[in-house]
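**Student:**
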Amino acid sequence: MKTAYLILETGEVFPGQLVGEDTPIYGEIVFNTSMTGYQEIMTDPSYAGQIVVFSYPLIGNYGINLDNNESSSVHVSGIITSEICSEPSHYQLKETAIETVNKYNIPCLTNVDTRSLVQTIRKRGTVNAMITEQQEVQLAFSKELSLVDRVACQEVITYENPGPHIVLLDFGYKKSILHFLCESNCKVSIVPYFYSFEQISALSPDGIVISNGPGDPMVLADELNKIRLLTESYPTIGICLGHQLIALSYGAQTKKLPFGHRGANHPVKDLMTGKVFITSQNHGYVVVDDSIDESQFFVSFKHVNDGTIEGLKHRKLPILTVQFHPEAHPGPQDTEFIFYEFFKQVNNHLGVMKNAVV
Numbered sequence: 067m068k069t070a071y072l073i074l075e076t077g078e079v080f081p082g083q084l085v086g087e088d089t090p091i092y093g094e095i096v097f098n099t100s101m102t103g104y105q106e107i108m109t110d111p112s113y114a115g116q117i118v119v120f121s122y123p124l125i126g127n128y129g130i131n132l133d134n135n136e137s138s139s140v141h142v143s144g145i146i147t148s149e150i151c152s153e154p155s156h157y158q159l160k161e162t163a164i165e166t167v168n169k170y171n172i173p174c175l176t177n178v179d180t181r182s183l184v185q186t187i188r189k190r191g192t193v194n195a196m197i198t199e200q201q202e203v204q205l206a207f208s209k210e211l212s213l214v215d216r217v218a219c220q221e222v223i224t225y226e227n228p229g230p231h232i233v234l235l236d237f238g239y240k241k242s243i244l245h246f247l248c249e250s251n252c253k254v255s256i257v258p259y260f261y262s263f264e265q266i267s268a269l270s271p272d273g274i275v276i277s278n279g280p281g282d283p284m285v286l287a288d289e290l291n292k293i294r295l296l297t298e299s300y301p302t303i304g305i306c307l308g309h310q311l312i313a314l315s316y317g318a319q320t321k322k323l324p325f326g327h328r329g330a331n332h333p334v335k336d337l338m339t340g341k342v343f344i345t346s347q348n349h350g351y352v353v354v355d356d357s358i359d360e361s362q363f364f365v366s367f368k369h370v371n372d373g374t375i376e377g378l379k380h381r382k383l384p385i386l387t388v389q390f391h392p393e394a395h396p397g398p399q400d401t402e403f404i405f406y407e408f409f410k411q412v413n414n415h416l417g418v419m420k421n422a423v424v
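Residue numbers (the numbering used here): 67 to 424.
Here you go:
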């Protein structure tokens with residue numbers, strides 16, 4: 067392995083040993099605190115454009131399997147680890163993590179002091195960085211207008227099932243969301259995020275799921291009017307980026323967190339019951355609390371650690387939003403019940419529509 071460096075735009079330099087692609091790679095540097103789930107993280111479209119630091123000291127020990135990818139490719143720009151296992155052991159083993167990063171030409175910088183690096187990110191905030199073999203370079207970053215275009219589908223994909231028809235509006239959906247819907251016997255049509263309200267309505271959906279995805283939600287401001295119309299017309303759940311977009315479509319604002327929420331152990335409080343759930347999260351932006359129109363929405367969940375908004379419910383319309391991932395990949399299954407609440411709203415809507423026809 068070659069010696070290479072992670073260079074932050076704030077000036078800090080972290081040496082390590084390079085695995086995989088050896089060309090300079092730029093990205094936003096973020097960290098994830100999960101002890102497991104590196105395969106899901108590497109293939110999660112929401113990480114597009116980011117260099118991910120795994121704060122857990124060893125990744126790759128159970129390798130890569132056929133089942134747990136969240137998409138058909140690796141979307142992270144780069145990986146930083148303290149150690150990466152070259153000889154994993156698992157009954158589902160397909161390839162090693164090292165083989166995966168080599169296959170997708172993703173640079174992995176290992177033997178890095180990740181404890182010090184995470185402390186630096188927490189102090190500096192999320193900043194841009196570069197992986198390079200040169201210790202002294204001039205950093206130059208270009209602002210990417212839309213990371214969603216990298217990861218979203220370009221045409222409708224339908225999965226037939228006998229249940230209600232759910233349209234999944236794709237801003238970079240995770241495969242595990244699709245699997246949960248299909249395993250619940252929903253017919254699912256995955257629709258490109260740029261499809262118009264009229265095109266989506268022509269599919270005759272019974273409910274809408276607005277997916278997760280990468281980047282700043284305000285880059286997608288052109289989609290807000292359509293999202294507002296969809297939520298006023300169909301039962302809707304927004305997940306992660308989808309949560310932020312629904313809030314924006316009703317006049318709320320978003321802001322960037324200093325270093326985001328990325329991990330599988332984030333405590334979230336249900337404000338209706340007082341119960342705390344442990345959740346899987348991956349986001350850098352949140353909805354601004356005092357920007358919410360309280361005549362239309364109430365806050366349903368809040369983050370226990372920093373008090374940020376983790377969910378909204380509309381007071382009259384069948385609209386749910388959550389900032390975390392209720393499908394629980396990677397992470398605990400504490401909040402799968404949110405999907406069942408959405409399904410209940412869909413079934414209630416179907417009942418109303420049937421009675422209206424009669």
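By construction, the Cβ of each residue, glycine as well, lies at the ideal position given by its N, Cα and C atoms.
Predicted, not measured: the structure shown is a model, and the values here were computed from it.
1. Could you spell out the range, first to last residue, of the alpha helix (DSSP H) harbouring Val184?
2. Tell me the start and end of each unbroken beta strand (DSSP E) in the region 284-309 that is at least 3 residues and wholly inside, in chain order.
3. Can you find at least 3 beta carbon pairs, one from the region 350-369 and one from the region 127-134, that sit closer than 8 Å?
4. Would you report the Cα separation of Asn194 and Tyr122, rounded to the nearest angstrom?
5. Evaluate Ile73 with the Cβ neighbour count: other Cβ atoms within 10 Å of its Cβ, from every protein chain shown; 16 or more gives buried, anything less gives exposed.
6. Who does Lys335 pair with in a DSSP beta bridge?
7. In whole angstroms, what is the alpha-carbon distance linking Phe409 and Asn251?
8. Does the beta-carbon distance from Ile385 to Ile312 come in below 8 Å?
9. Helix, strand or coil, according to DSSP, for Glu93 in the structure here?
10. For Phe80, which of Val178, Cys219, Gln399 has the nearest alpha-carbon?
11. Given this structure, state the Cα-to-Cα distance separating Thr374 from Cys306, to the nearest angstrom.
12. Would Val184 and Val119 be called neighbours here (beta carbons separated by less than 8 Å)?
13. Using a 10 Å radius around the Cβ and a threshold of 16 neighbouring Cβ atoms, would you call Phe403 buried or exposed?
14. Around the Cβ of Val423, are there at least 16 other Cβ atoms within 10 angstroms (buried) or fewer (exposed)?
15. In chain order, what residues of the same chain have a beta carbon less than 7 Å from the beta carbon of Val370, not counting five sequence neighbours either side?
16. Helix, strand or coil: how does DSSP classify Val423 here?
17. Would DSSP call Asp215 helix, strand or coil?
18. Buried or exposed for Val217, please, with buried defined as at least 16 other CB atoms from any protein chain shown within 10 angstroms of its CB.
19. As a quick exercise: from Thr198, Ser143, Met67, Thr176, pick the residue whose alpha carbon is nearest that of Thr89.
20. When you compare each of Thr302, Arg381, Asp288 to Asn413 by their alpha carbons, which one comes out closest?
21. Starting from the C-beta of Thr69, find all residues in its chain whose C-beta is less than 8 Å away, skip the five residues before and the five after it, and write them out in chain order.
22. Quick check on Ser100: buried or exposed, where buried means 16 or more other Cβ atoms within 10 Å of its Cβ?
23. Measure the alpha-carbon distance for Ser315 versus Phe260 and round it to whole angstroms.
24. Would you tell me roughly how many angstroms separate the C-alpha atoms of Glu165 and Leu383, rounded to the nearest one?
25. Whole-angstrom Cβ separation of Pro283 and Gln310, contact assumed at under 8 Å?
26. By the 10 Å Cβ neighbour count, where 16 or more other Cβ atoms means buried, how is His156 classified, buried or exposed?
27. Within its chain, find whatever has a CB closer than 7 Å to the CB of His141; leave out the 5 residues flanking it on each side and keep chain order.
28. For Pro228 versus Gly273, is the C-beta distance shorter than 8 Å?
29. So who's on the other strand from Glu161, going by DSSP bridges?
30. Please return the same chain residues whose Cβ sits closer than 8 Å to the Cβ of Asn135, not counting the five positions on each side in sequence.
31. Take the Cβ of Arg188 as the centre, count every other Cβ of all protein chains shown within 10 Å, and call the residue buried at 16 or more, exposed below.
32. Closest by CA to Leu295, which one among Ile266, Gly350, Gly326, Leu175?
33. Give the straight-line distance between the Cα atoms of Glu75 and Ile146, rounded to the nearest whole angstrom.
34. Do Gly238 and Ser270 have their C-beta atoms within less than 8 Å of each other?
**Tutor:** Let me lay it out:
1. 180-190
2. 302-305
3. no
4. 21 Å
5. buried
6. Val342, Lys368
7. 11 Å
8. yes
9. Note that residue 93 corresponds to Gly in the displayed sequence, not to Glu. Gly93: strand per DSSP, three-state reduction.
10. Val178
11. 13 Å
12. yes
13. exposed
14. Because the pLDDT at Val423 is just 48, under 50, the model does not fix this residue reliably, and the point stays unresolved.
15. Pro333, Val334, Lys335, Val342
16. In this prediction, Val423 scores a pLDDT of 48, lower than 50, which makes its location untrustworthy; no coordinate-derived value is stated.
17. helix
18. buried
19. Thr198
20. Thr302
21. Pro81, Gly82, Gln83, Leu84, Glu199
22. buried
23. 15 Å
24. 48 Å
25. 4 Å
26. exposed
27. Thr109, Asp110, Pro111, Tyr113, Ala114, Val217
28. no
29. Ile130
30. Gln105, Glu106, Thr109, Lys241
31. exposed
32. Ile266
33. 16 Å
34. no
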